[in-house]
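Trainee: This is the structure, below, for whatever I ask next.
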RNA sequence: GCUCCCAUAGUCUAAUCGGUUAAUGAUAAUGGAUUCUCAUCUCAUAGAUCCGGGUUCAAAUCCCGGUGGGAGUACCA
């Protein structure tokens, strides 16, 4: 944990989580959650959960481009609570706040601001205001009409005489601000969209800056940790606090998290993909939601620590999921039993066998021998037997990290060990027909030889593994896998950790953890 | 364009209010030991203060300039 000034003050620490309920929390949102939770725990403070469920889009935007529009998804409230529970976040469960319950408060303040001449109702269109006034640092004509007229305009906003986009309330931060981003910011605007919690109870909604300017004070927030993309909001909030003469919470900003281009981190994007059937649901690994991480077998502690390691740095971070995986491996390795799985199976016909039955008893977990062994039996007939091995081991000269392996490429004459069984020598490779021929060489074990996992050709179970990219890969696993239970985290040797997802009679479905 | 923020190894983080040869940090890389998994565990190696000025006895740290990157400039959050 980085050291900060948080907690130096005598006052008790009160912080808040402000998720927008448009979908399940994802790994990016989790940073905000974990950071807040951790500091509150450190200073024995209080954490308030406040759903930032203002309306988001206008009705018009929802109708025109629903795939881009931001709106409150009813299911998201529970999805978020589920994510917080999984992450073991200590928020005040007896006092969950919903912004949508507080619209009257914002309206009252807005009216007060107007009455005191600190805000005004502007009827300029967004484009007009930007081009004619904001970019030129000039005041729009609305700004200087009388307060009485502004009150009348305000009433027209409330009662429906103005339509969406016809009028907004602007805070008089000043058109001469050096930073064009903060010139007379909009604080209230009209949306006729229906809200899942309060329906059409109100049509005038606050914007984030304003609602938090009020609520951070009303809720007694002492410290705020949020992304640097919200720096402008900090300015507006400070402006409001100064105006009201309120004491100021301390704001800490952290920098942007960049994820690799393969995954799109967006609740709205995930929602669209789920709705159109491209994704399975909120636990689809491509959402990178907390639900999906849980499903995959990521431990919440792994995520917490990984995110906490980044600290409160303001610089942009190129996040690597490998950090998360490395931590998780340390956490689950000791309890993950080992099994054999061959991806892209290819048949290996072995000849020259003297026995009719071979029994292999590999350890369930070499790091914990007390767990015992499992049994894999290979039956030979007429000196011959078949096993499946992975084609990857023949074609690809890489380990699972993507680094080159030391062993030479498989070719006729190549000797290798069927793990915990015996050593064979390749006679023939026929990739087109998906077949290999080999002959028995010896039972004796040589440490330096290459070991390959295998499954008996006449006794295996089909397995489908769902990878983080959403692609399902097929293979065969030893029959013992069929006896496992759903949710169990295991390791497919030399392949990766997986979590059992579903067990059918003839197929086992797994999530690929890492 | 304007405003603001950031800058230490490949990627990230440390480095008490400026103070000895910049971490025994994480991850990734390389090599070794262990292992019937090139997995895990373990040991070791290699790897950095963006550039240029200034202040100072002393600068990764403070100041100025440059360069690079990012964010904001929404009637989203």
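In our numbering, the protein residues as written are 4 to 517. Ideal Cβ positions, reconstructed from N, Cα and C, are used throughout, including at glycine.
Please list, in chain order, all residues of the same chain as residue 410 whose beta carbon is under 7 angstroms from its beta carbon, the five residues on each side excluded.
Mentor: If we look at residue 410 and ignore the five residues flanking it on each side, its Cβ neighbours are 453.
Trainee: Helix, strand or coil for residue 8, going by three-state DSSP, please let me know.
Mentor: Bear in mind that the predicted position of residue 8 carries a pLDDT of just 49, short of 50, making it too unreliable to give a figure here.
Trainee: Flag this pair as yes or no: are the beta carbons of residue 468 and residue 513 separated by less than 8 angstroms?
Mentor: Cβ distance < 8 angstroms, so residue 468 and residue 513 count as in contact.
Trainee: Identify the residues that DSSP records as bridge partners of residue 401: which are they?
Mentor: BP columns for residue 401 point to 407.
Trainee: Does the distance from the CB of residue 195 to the CB of residue 206 come in under 8 angstroms?
Mentor: In this structure, residue 206 lies closer than 8 angstroms to residue 195 by Cβ.
Trainee: Counting along the chain, where does the alpha helix (DSSP H) carrying residue 153 start and finish?
Mentor: Taken as a continuous stretch (DSSP letters only), the alpha helix (DSSP H) holding residue 153 covers 150-162.
Trainee: Please tell me whether residue 193 and residue 165 are closer than 8 angstroms, where the distance is taken between their beta carbons.
Mentor: Yes; because the gap between Cβ atoms is below 8 angstroms, this pair is in contact.
Trainee: Grab the span of the alpha helix (DSSP H) containing residue 346 for me, first residue to last.
Mentor: Premise fails: residue 346 lies in the beta strand (DSSP E), 344-346, not in any alpha helix (DSSP H).
Trainee: State the CB to CB distance for the pair residue 117 and residue 150, rounded to an integer number of angstroms; the pair is presumed to be in contact (CB under 8 angstroms).
Mentor: Indeed they touch by this definition, with Cβ atoms about 7 angstroms apart.
Trainee: Between the C-alpha atoms of residue 392 and residue 277, what's the straight-line distance to the nearest angstrom?
Mentor: If I take the Cα positions, the gap works out to 36 angstroms.
Trainee: With distances taken Cα to Cα, identify the nearest neighbour of residue 397 among 383, 415, 384.
Mentor: Ranking the options by Cα distance to residue 397, first place goes to 415.
Trainee: Take the Cβ of residue 493 as the centre, count every other Cβ of all protein chains shown within 10 Å, and call the residue buried at 16 or more, exposed below.
Mentor: With 16 or more Cβ atoms within 10 Å of its Cβ, residue 493 is classed as buried.
Trainee: Between 507, 273, 491, 451, which lies nearest to residue 473 when the distance is taken from Cα to Cα?
Mentor: If we check each option's Cα against that of residue 473, 273 comes out closest.
Trainee: Please identify the residue among 375, 44, 432 whose C-alpha is closest to the C-alpha of residue 17.
Mentor: Of the listed residues, the one whose Cα sits closest to residue 17 is 44.
Trainee: So for residue 205, helix, strand or coil by DSSP?
Mentor: Correct three-state label for residue 205: coil.
Trainee: At a cut of 8 angstroms, does the stretch 22-34 reach the stretch 48-56 through at least three beta carbon pairs?
Mentor: At 8 angstroms Cβ cutoff, the stretches touch.
Trainee: Would you mind stating whether residue 209 and residue 123 have Cβ atoms separated by less than 8 angstroms?
Mentor: Not in contact: residue 209 and residue 123 (Cβ atoms no closer than 8 angstroms).
Trainee: Could you pull the start and end residues of the alpha helix (DSSP H) that residue 294 belongs to?
Mentor: Residues 293-299.
Trainee: For residue 32, which residues does DSSP report across the bridge?
Mentor: Partner(s): none; residue 32 has no beta bridge.
Trainee: Report yes or no: do three or more beta-carbon pairs, one from the stretch 293-305 and one from the stretch 500-517, lie closer than 8 angstroms?
Mentor: Touching, yes, given that three or more Cβ pairs across the two stretches are closer than 8 angstroms.
Trainee: Between which two residues does the alpha helix (DSSP H) carrying residue 229 extend?
Mentor: No alpha helix (DSSP H) holds residue 229; the beta strand (DSSP E) holding it covers 226-230.
Trainee: Take every Cβ of the stretch 23-43, pair it with every Cβ of the stretch 219-239, and state whether three or more of those distances are shorter than 8 angstroms.
Mentor: The stretch 23-43 is in contact with the stretch 219-239.
Trainee: Can you tell which of 216, 508, 198 has its C-alpha closest to the C-alpha of residue 188?
Mentor: Ranking the options by Cα distance to residue 188, first place goes to 216.
Trainee: As a quick exercise: from 119, 120, 121, 136, pick the residue whose alpha carbon is nearest that of residue 127.
Mentor: Taking only the C-alpha atoms, the option nearest residue 127 is 136.
Trainee: Could you tell me whether the stretch 249-264 touches the stretch 431-448, using the rule of 3 or more Cβ pairs below 8 angstroms?
Mentor: The answer is no - the stretch 431-448 does not touch the stretch 249-264, with fewer than three Cβ pairs under 8 angstroms.
Trainee: Exposed or buried, what is residue 8 when buried is set at 16 or more other beta-carbons lying within 10 Å of its beta-carbon?
Mentor: A caution first: residue 8 carries a pLDDT of 49, below 50, which makes its placement in the model too unreliable to give a value.
Trainee: On the DSSP bridge assignment, give the partners of residue 191 in chain order.
Mentor: Paired residue(s): 172, 209.
Trainee: Using only the alpha-carbon positions, how far apart do residue 180 and residue 255 sit?
Mentor: Rounded to the nearest angstrom, the two C-alpha atoms are 23 angstroms apart.
Trainee: Which class does residue 17 belong to by DSSP, given the choice of helix, strand or coil?
Mentor: In this structure, residue 17 counts as strand in the three-state DSSP scheme.
Trainee: If you draw a straight line from the alpha carbon of residue 240 to that of residue 211, how long is it in whole angstroms?
Mentor: Their backbone Cα atoms lie some 10 angstroms apart in a straight line.
Trainee: Below 7 angstroms CB to CB, which residues in the same chain sit around residue 14 once its five sequence neighbours on both sides are set aside?
Mentor: The answer, listed in chain order, is 225.
Trainee: For residue 516, which three-state DSSP category applies?
Mentor: Three-state result, residue 516: coil.
Trainee: Leaving out the 5 sequence neighbours to the left and right, which residues in its chain are closer than 8 angstroms to residue 356 when beta-carbon positions are compared?
Mentor: If we look at residue 356 and ignore the five residues flanking it on each side, its Cβ neighbours are 383, 386, 387, 388, 443.
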